[in-house]
Amino acid sequence: MRHLLIILAATFLLGQSRPEQQTAAQSPKRHAANNQSAQSQTKKPANNQIAPDTSTPSETQFYTYYNQEPQGDEIAKEISDGLLVAFTFALGVVGYLQWRVLCKHEEWMQRHDANLEKLAQSAKDNAEAARKSLENTMKADRARLVADAEPLPLPYAGGSLRVNCRITNVGRTLAWLTTKATRTELLDSDERLPAIEELVWKENEVTRWPDKGALFSVNGAIISFLYLTNAEAAQVYQGTKTLWVYGFAEYRDTFGANHGLRYCFRYVPQSGGIDPTICRFYVDGPAAYNQEIDIEKPTAETS
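With the sequence shown counted from 1, adding 98 to any position gets you our numbering.
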C-alpha cells in the first residue's frame, strides 16, 4: 500500500513539472519568431512603392500580433496533463480499493465456508444424537417378553404331572405374539441338548397367529401346559432323568419391529437330601437356547 501511494505521488509531480518546462523552453522561440514576422511585415510596404501609406495600421497590427501569446494553449495543456495525472491516480485508488474488497470478500467466503462446514457437522451430530435417542427410547419403551417355568408340586403324590411354562410381557408397550413353541425333554445326566441349528419342531408343538398376531398387553401372560406320564414324572422326582423345558416366541412390538425370545430351563429335583426349597427350574443349557434376537421373519422349522 505504501509503495503504491509513493508511485502515484511521483507520477503526479512529474505530470505537473513537464508542462512548465516545455512552456519555458518554447516561449523564447515563439517570441523570436513573432519578432521576425513583425519585421518582415514592416519591411514589405517600404519595398513596395505602389503600396499606400499604412504605417499607422501596420504599427497597430504589429502591436496586436506581438502581444498575442499562446497562454490559453499552455493553460489548456497543463489542465489536460493535470487531469490525466488525476485520472491515473484515481484509477490507481479505485484499483487498490477493488483489490481490498476482493481480499475481504475472499476472507469472508473462507470464514463463511468454515461456518457452513461447522453448521453441517453440527447438524449431522444432532441428527445422529436424535437417532440414538430415538433408538434408546424405543428400546426402553418397547414390549419385552420373558419366560419362566413354575415349580413342580412337592411332595410328589404320584400320577401324571403338568409343567407350566409362562411367557410374560414385561415391557412398557403392547406386543403382538405371532409364533410360540415349547417342548419338554427327558435326558440322562450325561446327555446334552442338541445344537440349536439341529432343532426341528413338530407341527403340533408350534402355535401361530395369523395376520398381525395375538395382542399381548403390558404384564399380560400366556401359559403353555406340558404333561409328563406317570413313569416320566417318577424318573424326574427320583433324579434318574433330567427334565428340560425349552422353546421360543416371536412377536412384534408397537414400533413395528420383530423380536424373538429363546429360553431353556432345567429342573433340579428333590433327591439325595437336597433342600426342597431349591427344587425348581433354573435357566440352563447352551447360550443359543437363552437369548433375545431381532428377526425379519419367523425362523421356526417344522416337520
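Quick reminder that beta carbons are idealized off the backbone N, C-alpha and C, glycines included.
Checklist line | Span separating the alpha-carbon of L326 from that of T277 | finding: The sequence position of residue 326 within the sequence shown is 228, counting from 1. The sequence position of residue 277 within the sequence shown is 179, counting from 1. Their Cα atoms are separated by approximately 24 Å.
Checklist line | Strand pairing of E390, partner residues [DSSP] | finding: Residue mapping note: residue 390 aligns to position 292 of the sequence shown, counting from 1. Paired residue(s): L359.
Next item on the list: Select from W197, A331, I177, F379 the residue whose C-alpha is nearest the C-alpha of A255.
Entry: Along the sequence shown, one-based indexing puts residue 255 at 157. When only C-alpha atoms are compared, the closest one is A331.
Next item on the list: Taking A293 as the reference, give the member of G383, D223, I265, C201 with the closest Cα.
Entry: Your numbering for residue 293 matches position 195 in the sequence shown. Checking every option, the nearest Cα to that of A293 belongs to G383.
Next item on the list: Would you grab the beta carbon distance between I393 and G358 for me? Rounded to a whole angstrom, and I think it's under 8 Å.
Entry: Locating residue 393 in the sequence shown gives position 295, counting from the first residue. Locating residue 358 in the sequence shown gives position 260, counting from the first residue. Right, the Cβ-Cβ distance comes to about 5 Å (below 8 Å), so this counts as a contact.
Check: What is the DSSP secondary structure of N132, reduced to helix, strand or coil?
Finding: Indexing the sequence shown from 1 puts residue 132 at position 34. Because N132 carries a pLDDT of 47, less than 50, the predicted location of this residue cannot be relied on, and the following value inherits that uncertainty. Here N132 sits in helix by DSSP.
Next item on the list: Note the first and the last residue of the continuous beta strand (DSSP E) segment covering N302.
Entry: Position 204 of the sequence shown, counted from the start, is the residue given in the question as residue 302. Element bounds for N302: n/a, residue is neither H nor E.
Notebook entry, point to check: Could you give the residue range of the alpha helix (DSSP H) that holds E330?
Noted result: Position 232 of the sequence shown, counted from the start, is the residue given in the question as residue 330. It spans 328 to 336 - the alpha helix (DSSP H) in which E330 sits, taken as one unbroken run.
Checklist line | Supposed contact pair I265 and A227 - C-beta distance, whole angstroms, cut 8 Å | finding: For the purposes of this step, residue 227 is identified with residue 129 of the sequence shown, where counting begins at 1. For the purposes of this step, residue 265 is identified with residue 167 of the sequence shown, where counting begins at 1. Not really, about 35 Å apart at Cβ, beyond 8 Å.
Item checked: beta strand (DSSP E) segment containing A245, residue limits -> Looking up residue 245 in the sequence shown gives position 147. 243 to 247 is the span of the beta strand (DSSP E), which, as asked, contains A245.
Notebook entry, point to check: Are V316 and R270 touching if we call contact CB-CB under 8 Å?
Noted result: Numbered from its first residue, the sequence shown carries residue 316 at position 218. Numbered from its first residue, the sequence shown carries residue 270 at position 172. Yes, the Cβ-Cβ distance between V316 and R270 is below 8 Å.
Margin query: Short of 8 Å in beta carbon distance, which residues of its chain neighbour A63, apart from the five on each side in sequence? Order them along the chain.
Written below: The question about residue 63 has no answer here: the residues shown for the chain are numbered 99 through 401.
Note to self: For V244 and L214, I'd like the C-alpha separation in whole angstroms.
What the structure shows: Stepping through the sequence shown from its first residue, residue 244 is reached at position 146. Stepping through the sequence shown from its first residue, residue 214 is reached at position 116. The alpha-carbon atoms of V244 and L214 are separated by roughly 49 Å.
Margin query: Using the three-state DSSP reduction, which class does F346 fall into: helix, strand or coil?
Written below: Translated into the one-based positions of the sequence shown, residue 346 becomes position 248. Correct three-state label for F346: strand.
Next item on the list: Can you check DSSP and say which residues form a bridge with C263?
Entry: Locating residue 263 in the sequence shown gives position 165, counting from the first residue. Beta-bridge pairing links C263 to A247, S322.
Check: Hey, how far is the Cα of S178 from the Cα of R198?
Finding: Residue mapping note: residue 178 aligns to position 80 of the sequence shown, counting from 1. Residue mapping note: residue 198 aligns to position 100 of the sequence shown, counting from 1. If I take the Cα positions, the gap works out to 30 Å.
Next item on the list: Using beta-carbon positions only, say whether Y349 and W299 come within less than 8 Å of one another.
Entry: Reading the sequence shown from its first residue, position 251 is the one you call residue 349. Reading the sequence shown from its first residue, position 201 is the one you call residue 299. Not in contact: Y349 and W299 (Cβ atoms no closer than 8 Å).
Next item on the list: Could you check the C-alpha separation between E204 and L217 for me, to the nearest Å?
Entry: Residue numbering aside, residue 204 sits at position 106 when the sequence shown is read from its first letter. Residue numbering aside, residue 217 sits at position 119 when the sequence shown is read from its first letter. Each residue's alpha carbon lies about 20 Å from the other.
Notebook entry, point to check: Under the rule that 16 or more other beta-carbon atoms within 10 Å means buried, what is N165, buried or exposed?
Noted result: As a working note, residue 165 is residue 67 in the sequence shown. The predicted position of N165 is uncertain, since its pLDDT is 48 and thus under 50; a value taken from the coordinates is nonetheless stated next. Exposed.
Next item on the list: Thinking F363 and F346 are a contact (beta carbons under 8 Å), I'd like their distance in whole angstroms, please.
Entry: By 1-based counting over the sequence shown, the position of residue 363 is 265. By 1-based counting over the sequence shown, the position of residue 346 is 248. Going by Cβ atoms, the distance from F363 to F346 rounds to 13 Å, so no, they are not a contact pair.
Next item on the list: Just mark T338 as buried or exposed, buried being the case when its beta carbon has 16 or more other beta carbons within 10 Å.
Entry: As a first step, residue 338 must be located in the sequence shown, where it is residue number 240. With fewer than 16 other Cβ atoms within 10 Å, it is exposed.
Check: If we count the other Cβ atoms within 10 Å of its Cβ and call it buried at 16 or more, is F185 buried or exposed?
Finding: By 1-based counting over the sequence shown, the position of residue 185 is 87. Exposed is the call here.
Margin query: Let's test the definition: count the other Cβ atoms within 10 Å of the Cβ of L341 and tell me whether it reaches 16, buried, or not, exposed.
Written below: As a position in the sequence shown, residue 341 is number 243, starting the count at 1. Under this definition L341 is a buried residue.
Item checked: Alpha-carbon spacing of L313 relative to V268, whole angstroms -> For the purposes of this step, residue 313 is identified with residue 215 of the sequence shown, where counting begins at 1. For the purposes of this step, residue 268 is identified with residue 170 of the sequence shown, where counting begins at 1. Cα-Cα distance, rounded: 14 Å.
Checklist line | Among V191, N234, N262, G257, nearest to A329 - alpha-carbon criterion | finding: For the purposes of this step, residue 329 is taken as the residue at position 231 of the sequence shown. The candidate whose alpha carbon is nearest that of A329 is G257.
Notebook entry, point to check: Are the beta-carbon atoms of C377 and L324 separated by less than 8 Å?
Noted result: Start at 1 with the first residue of the sequence shown, and residue 377 comes out as number 279. Start at 1 with the first residue of the sequence shown, and residue 324 comes out as number 226. Result no, Cβ atoms of C377 and L324 do not sit closer than 8 Å.
Next item on the list: Can you give me the start and stop residues for the beta strand (DSSP E) that K278 sits inside?
Entry: Indexing the sequence shown from 1 puts residue 278 at position 180. It spans 273 to 285 - the beta strand (DSSP E) in which K278 sits, taken as one unbroken run.
Margin query: I need the DSSP call for T340, collapsed to helix, strand or coil.
Written below: By 1-based counting over the sequence shown, the position of residue 340 is 242. Correct three-state label for T340: strand.
Item checked: Beta-ladder partner(s) of R364, from DSSP -> The residue given as residue 364 occupies position 266 in the sequence shown. The partner list for R364 (beta bridge, DSSP) reads W342, Y380.
Notebook entry, point to check: So the beta strand (DSSP E) L252 belongs to, where does it begin and stop?
Noted result: The residue labelled residue 252 in the question sits at position 154 within the sequence shown. No beta strand (DSSP E) holds L252; DSSP gives it neither H nor E.
Margin query: Helix, strand or coil, according to DSSP, for F353 in the structure here?
Written below: Taking the sequence shown and counting its residues from 1, the one referred to as residue 353 is at position 255. Three-state DSSP puts F353 in coil, outside helix and strand.
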